[in-house]
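Here's the structure we're looking at; comments come further down.
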Amino acid sequence: MKNRKYDSVVFDVDSTLVTFEGLDFLAKLKGKEKELSKITKSAMNGDMSMRESMERKMRAISPDFEDIVKMGNEYIKNITPGALETIKILKTNGIQTWILTGNFQPAVGMLANFLGIKSTNVITNNIFFDENKKYLSFDRENPLSNNGGKAIKINEFKNKMGKTVLIGDGSTDLEAKESVNLFIGFGGVIFRPKIKAASKIYITEPNLMTIIPYILDNYQSEDISLY
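To convert, take the position in the sequence shown, counting from 1, and add 456; that gives the numbering used here.
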């Protein structure tokens with residue numbers, strides 16, 4: 457066992473644990489891909505508020521329950537290289553693994569189950585359906601529907617998380633950096649200049665195993681196989 461410096465590692469989902477943006481996938485299902493990809497880019501770069509982005513996307517997409525299940529299946533097919541190995545290494549070294557995302561169940565739970573992350577360590581936004589499993593709304597009262605929500609959630613679970621590392625690609629992840637012991641910006645899927653500029657550690661390699669040396673002491677580069 458390596459010398460661990462942290463108790464928990466918290467992962468974002470879209471463009472971090474997986475190689476695409478979930479709501480953009482749903483937009484493609486609904487024929488709204490081009491329109492909504494621009495919203496995603498603006499929001500993740502910090503040029504549009506999280507709330508405005510969510511309102512505009514969900515109004516246009518209106519995903520039903522089966523659409524969210526399809527997104528979960530797509531997540532599993534598009535895991536970021538090194539994600540499974542990274543989570544296994546962290547767990548082997550006694551580090552808790554968490555998911556923190558503004559996206560929804562059951563898709564995120566499906567991903568977590570595939571990766572071996574406990575359901576109790578999965579923090580998501582909420583989505584509401586009617587009796588026919590058609591879309592009603594998302595949870596506007598959930599902190600994850602707004603900017604600053606990830607910091608609120610991390611602080612809420614701080615006693616369980618202990619010393620915490622947060623890994624994420626976007627502005628909503630960066631907002632939480634003061635609430636964790638270490639923030640690692642991940643640009644291995646999408647390079648975001650604004651996130652890089654504001655991150656002390658920024659990963660551009662398209663493999664999550666490159667985060668391991670920042671988390672475990674005495675973890676040598678030869679311990680990590682990227683291919």
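Where a beta carbon is used, it is the ideal one built from N, C-alpha and C, also for glycine.
Task: Residue nearest to D470 in terms of C-alpha spacing, selected from L546, N663 and L556 - done: Closest by alpha carbon: L556.
Open item on the list: Quick check: L638 and Y670, are their CB atoms within less than 8 Å of each other?
Closed with: With a cutoff of 8 Å on beta-carbon distance, L638 and Y670 are scored as near each other.
Open item on the list: Under 8 Å, with one C-beta from each stretch per pair, do the region 596-608 and the region 528-538 reach the 3-pair mark?
Closed with: With contact defined as three or more Cβ pairs closer than 8 Å, the region 596-608 and the region 528-538 are not in contact.
- [ ] With a 10 Å radius around its C-beta and 16 neighbouring C-beta atoms as the bar for buried, classify K589 as buried or exposed.
- [x] So K589 ends up on the exposed side.
Task: Proximity of L482 and M510 at Cβ, strictly below 8 Å - done: Not closer than 8 Å, so no.
TODO: Apply the 10 Å Cβ neighbour rule to R515 and answer buried if 16 or more other Cβ atoms are within range, or exposed otherwise.
DONE: Of the residues assessed, R515 falls on the exposed side of the cut-off, its CB having fewer than 16 other CB atoms within 10 angstroms.
Open item on the list: Please classify F467 as buried or exposed, where buried requires at least 16 other C-beta atoms within 10 Å of its C-beta.
Closed with: F467 should be labelled buried.
Open item on the list: Below 8 Å on the Cβ atoms is my contact criterion, and I expect Q552 with S464 to pass it. Report the Cβ-Cβ distance as a whole number of Å.
Closed with: Contact holds; Cβ gap of about 4 Å.
- [ ] With a cut-off of 8 Å on the beta carbons, I'd call K696 and E631 a contact; round off their distance for me.
- [x] This structure cannot settle anything about residue 696, because the visible part of the chain is limited to 457 through 683.
Open item on the list: Within 10 Å of its beta-carbon, does L571 have 16 or more other beta-carbons around it, so buried, or fewer, so exposed?
Closed with: Looking at its Cβ environment, which holds 16 or more other Cβ atoms inside 10 Å, L571 is buried.
Open item on the list: Does the contact criterion of 3 or more C-beta pairs under 8 Å hold for the region 640-655 versus the region 613-627?
Closed with: The region 640-655 vs the region 613-627: in contact.
Task: Close beta carbons around I579, own chain, < 6 Å, minus the five adjacent residues each side - done: Contacts found: L556 and K609.
Open item on the list: Let me check understanding here. Comparing Cα to Cα, which of I545, A654 and I524 lies closest to F585?
Closed with: When each option's Cα is compared against that of F585, the closest is I524.
Open item on the list: Suppose the cutoff is 8 Å on Cβ atoms and the five residues either side in sequence are ignored; what does the same chain contact list for N529 look like?
Closed with: So the list reads M566, once near-sequence residues are dropped.
Task: Alpha-carbon to alpha-carbon, E541 and L672 - done: Those two C-alpha atoms are separated by around 14 Å.
Open item on the list: For N615, count the other beta carbons within 10 Å of its own beta carbon; 16 or more makes it buried, fewer makes it exposed. Which is it?
Closed with: N615 comes out exposed.
TODO: Go ahead and pull the three-state DSSP assignment for T620.
DONE: DSSP, reduced to helix, strand and coil, places T620 within a strand of the structure shown.
- [ ] Would you kindly work out how many angstroms separate the C-alpha atoms of M504 and I545, rounded to a whole number?
- [x] Between M504 and I545, the C-alpha separation is close to 36 Å.
Open item on the list: Nearest by alpha-carbon distance to F476: which of G618, N603, P537 and Y658 is it?
Closed with: With distances taken between Cα atoms, F476 lies closest to P537.
TODO: Please classify I651: does DSSP put it in a helix, a strand, or coil?
DONE: The DSSP-derived three-state label of I651 is helix.
- [ ] Could you tell me which residues DSSP pairs with G641 in its beta bridges?
- [x] For G641, the beta-bridge partners assigned by DSSP are G624 and Y658.
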